[in-house]
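Participant:
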Amino acid sequence: MEPALELRPGRFSDRFVAYLLDTVPFAVAAVLSVWVWGGPLTRSGDQKVLVGLGAAWTGLAVFWQFVGNLSGGTPGKRLMGLRVVTSEGKYPGFLRALVRALGWLLSTPLANLGFLVALVHPRTRALHDLLSGTFIVETGPRRSSGAAVFLVASLAAAGLFVLNYGAALLRPTPKDMAAISKAYKGLEVVALIQEVYKGKHGMYAGTVADLAEASGDAEVFRRAMLEVFSPTPFILEAGNRGWHVTAAAKDRRRTRVRRYGP
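In terms of my numbering, the sequence shown opens at residue 1 and continues consecutively.
1) Quick one: is Phe234 buried, meaning 16 or more other Cβ sit within 10 Å of its Cβ, or exposed?
2) Within a Cβ cutoff of 6 Å, which residues of the same chain sit near Ile193, ignoring the five residues on either side of it in sequence?
3) Determine the extent of the alpha helix (DSSP H) in which His201 is found, giving its start and end residues.
4) Taking the alpha-carbon of Val208 as reference, which of Lys200, Gly202 and Glu219 has the nearest alpha-carbon?
5) In the structure shown, what three-state DSSP assignment does Glu227 receive?
6) Below 8 Å between beta carbons: does that hold for Leu53 and Val34?
7) Three-state secondary structure (DSSP) at Tyr91?
8) Roughly how many whole angstroms lie between the Cα atoms of Arg8 and Trp104?
9) Grouping DSSP H, G and I as helix and E and B as strand, with all else coil, what is Leu211?
10) Put Pro9 into one of helix, strand or coil per three-state DSSP.
11) Does DSSP classify Thr23 as helix, strand or coil?
12) Nearest to Asp129 by alpha carbon, out of Thr139, Gly199, Ser181 and Ser87?
13) Below 7 Å CB to CB, which residues in the same chain sit around Phe16 once its five sequence neighbours on both sides are set aside?
14) Quick one, are the C-beta atoms of Ala126 and Val137 less than 8 Å apart?
15) What's the gap between the Cα of Asp14 and the Cα of Leu20?
16) Would you say Leu7 faces chain C, with C-beta separation under 8 Å as the test?
17) Report yes if the C-beta distance between Phe66 and Ala18 is below 8 Å; otherwise report no.
18) Ends of the beta strand (DSSP E) at Val245?
19) DSSP three-state call for Ser44: helix, strand or coil?
20) What's the call for Glu188, buried or exposed, on a 16-neighbour Cβ count within 10 Å?
21) Which residues does DSSP pair with Tyr260 in a beta bridge?
22) Can you find the residues in the same chain that come closer than 6 Å, C-beta to C-beta, to Val172, ignoring five residues on each side of it along the sequence?
23) Tell me which residue opens and which closes the alpha helix (DSSP H) that Arg253 is part of.
24) Whole angstroms are fine: how far does the CA of His201 sit from the CA of Glu237?
25) In the DSSP output, what is Val84 paired with across the bridge?
26) When you compare only the Cα positions, how much space is there between Ala61 and Gly81?
27) Are Arg11 and Leu79 close, meaning C-beta to C-beta below 8 Å?
As structure tokens, then:
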């Protein structure tokens, strides 16, 4: 009999708890990162940021599984007294560890059907076990208190990482500051053109087209506006006594800039 078959297979319930211990911190960190970074970084309408965040956390989770497979088990499995072994009872090599990690990833978008295979398999082997030729076996006692501490610590670490890195990522860079400064200078140009328009028409310009006409070169004015401001939003309101503009600078956060006149 092969060595792995002589060992007691890991129970499905223990595998499920180990799965939660290993994946919940990543899931929470992914949600936090979208909440902290996703909004400010997608004001331009570019959804690539959200796709990138999802891909990054997915890649980290797969790498976590891969490293855990190489060492015979992720922290979650070890805390539940489980090990990943081959039919010879040894830890998986590089190729088996990689195939198992990719199989683990494949099982998730399939409504976790790959994991549910373990419910009906006589040795509770899931899809990624079958693909990689590995087994999950019991090799020690379950450490429930250690599992609880690990989960809480992982969640705390994930939260701190996301918040700290997010704060650093969203802190204005010199390029961002330059874009914001350029936007405010653009508003000063708008103010000058408004005075020119008021002198000719007795009221302030209420549309971008009116501003472009008053600038003396409508095409140059429009190009300059697109270089300084994000296309949306650009809100211009005016009357006989005053005007105001709300626009978005071309920094990463699309910072709102405002100017009231006269």
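Just so you know, even glycine gets a beta-carbon here, dropped at the ideal spot from N, CA and C. It should be emphasised that the depicted structure is a prediction, and the values quoted were computed from it without experimental measurement.
Facilitator: In this structure, then:
1) Within the sequence shown, numbered from 1, the residue matching residue 234 stands at position 234. Exposed, by the Cβ-count rule.
2) As a position in the sequence shown, residue 193 is number 193, starting the count at 1. Leu211, Ala214 and Ser215.
3) One-based indexing of the sequence shown puts residue 201 at position 201. It spans Pro174 to His201 - the alpha helix (DSSP H) in which His201 sits, taken as one unbroken run.
4) To locate residue 208, count along the sequence shown from 1; it is residue 208. Cα-wise, what sits closest to Val208 is Glu219.
5) What you label residue 227 is simply residue 227 of the sequence shown in a count that begins at 1. It is helical.
6) As a working mapping, residue 53 is identified with position 53 in the sequence shown. As a working mapping, residue 34 is identified with position 34 in the sequence shown. In contact: Leu53 and Val34 (Cβ atoms closer than 8 Å).
7) Along the sequence shown, one-based indexing puts residue 91 at 91. Tyr91 falls in the coil class under three-state DSSP.
8) As a position in the sequence shown, residue 8 is number 8, starting the count at 1. As a position in the sequence shown, residue 104 is number 104, starting the count at 1. Cα to Cα, the separation comes out at about 22 Å.
9) Counting from one through the sequence shown, the residue named residue 211 turns up at place 211. Leu211: helix per DSSP, three-state reduction.
10) Within the sequence shown, residue 9 is the residue found at index 9, counting from 1. In the structure shown, Pro9 sits in a strand (DSSP, three-state: E or B).
11) By 1-based counting over the sequence shown, the position of residue 23 is 23. It is helical.
12) Numbered from 1 along the sequence shown, position 129 holds the residue referred to as residue 129. Cα-wise, what sits closest to Asp129 is Ser87.
13) Residue mapping note: residue 16 aligns to position 16 of the sequence shown, counting from 1. Hits under 7 Å: none found.
14) Translated into positions along the sequence shown, residue 126 becomes position 126. Translated into positions along the sequence shown, residue 137 becomes position 137. The answer is no: Cβ separation not under 8 Å.
15) Taking the first residue of the sequence shown as 1, we reach residue 14 at position 14. Taking the first residue of the sequence shown as 1, we reach residue 20 at position 20. Distance between the alpha carbons of Asp14 and Leu20 is about 10 Å.
16) The question asks about chain C, but that chain is absent: this structure has only one protein chain.
17) In the sequence shown, the residue the question calls residue 66 occupies position 66. In the sequence shown, the residue the question calls residue 18 occupies position 18. Against a cut-off of 8 Å, the Cβ pair of Ala18 and Phe66 comes out as no contact.
18) In the sequence shown, counting from the first residue as 1, residue 245 sits at position 245. Per DSSP, Val245 belongs to the beta strand (DSSP E) from Trp243 to Ala249.
19) Mapped onto the sequence shown, residue 44 falls at position 44. In this predicted model, Ser44 has a pLDDT of only 48, less than 50, meaning its place in the structure is not dependable enough to derive any value.
20) The residue given as residue 188 occupies position 188 in the sequence shown. Exposed.
21) Walking along the sequence shown from the start, residue 260 turns up at place 260. His244.
22) The residue labelled residue 172 in the question sits at position 172 within the sequence shown. It is worth fixing the name first, because residue 172 is Pro in this sequence and not Val. Here the set comprises nothing.
23) The sequence position of residue 253 within the sequence shown is 253, counting from 1. Arg253 -> no alpha helix (DSSP H), and no H or E assigned at all.
24) Here residue 237 corresponds to residue number 237 of the sequence shown, with the count starting at 1. Here residue 201 corresponds to residue number 201 of the sequence shown, with the count starting at 1. The alpha-carbon atoms of Glu237 and His201 are separated by roughly 16 Å.
25) By one-based count along the sequence shown, residue 84 stands at place 84. According to DSSP, Val84 bridges with Ile136.
26) Taking the sequence shown and counting its residues from 1, one reaches residue 61 at position 61. Taking the sequence shown and counting its residues from 1, one reaches residue 81 at position 81. Between Ala61 and Gly81, the C-alpha separation is close to 21 Å.
27) Here residue 11 is taken as the residue at index 11 of the sequence shown, counted from 1. Here residue 79 is taken as the residue at index 79 of the sequence shown, counted from 1. No, Cβ-Cβ distance for Arg11 and Leu79 is not below 8 Å.
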